[in-house]
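Peer 1: In UniProt numbering, the protein residues as written are 1 to 134.
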């Protein structure tokens, strides 16, 4: 009976079915696998960012093209407006006077827009000066 009890109290070691015949992985193997996983992740992320950049560039090219065409059409519309004003003014004054009135009107508008641009640039300049002052 005493022999039966000693046999019962001894723990029975069973082998792990996942590692049967293999030695458990070392820390170096785990670190190597981690590095390999990191490389795989970095390569996948790089491929994703390249695809994303190509998509953005494609849309940016189209946006630039359409914006350029729109800008040309706006300039043409302004030319048509100026010619229309000039022709209308020639009905009430001489052609040279109509040309001068139209030219000075355009210079006035350009001057006002230049003043607005200068005011905006001063605001930007102040923002950078206050940023560098601390």
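Where is the CB? At the ideal position from N, CA and C, for every residue including glycine.
Terminal residues of the continuous alpha helix (DSSP H) containing residue 49?
Peer 2: It spans 27 to 89 - the alpha helix (DSSP H) in which residue 49 sits, taken as one unbroken run.
Peer 1: Pair every Cβ in the segment 108 to 115 with every Cβ in the segment 83 to 99, then say whether three or more of these pairs are closer than 8 Å.
Peer 2: no
Peer 1: Which class does residue 101 belong to by DSSP, given the choice of helix, strand or coil?
Peer 2: Residue state, collapsed to three classes: helix.
Peer 1: For residue 87 and residue 116, I'd like the C-alpha separation in whole angstroms.
Peer 2: Across the structure, residue 87 and residue 116 are spaced so that their CA atoms are roughly 30 Å apart.
Peer 1: From the DSSP output, in three-state form, read off residue 121 for me.
Peer 2: helix
Peer 1: Going by DSSP in three states, residue 115 sits in which element: helix, strand or coil?
Peer 2: helix
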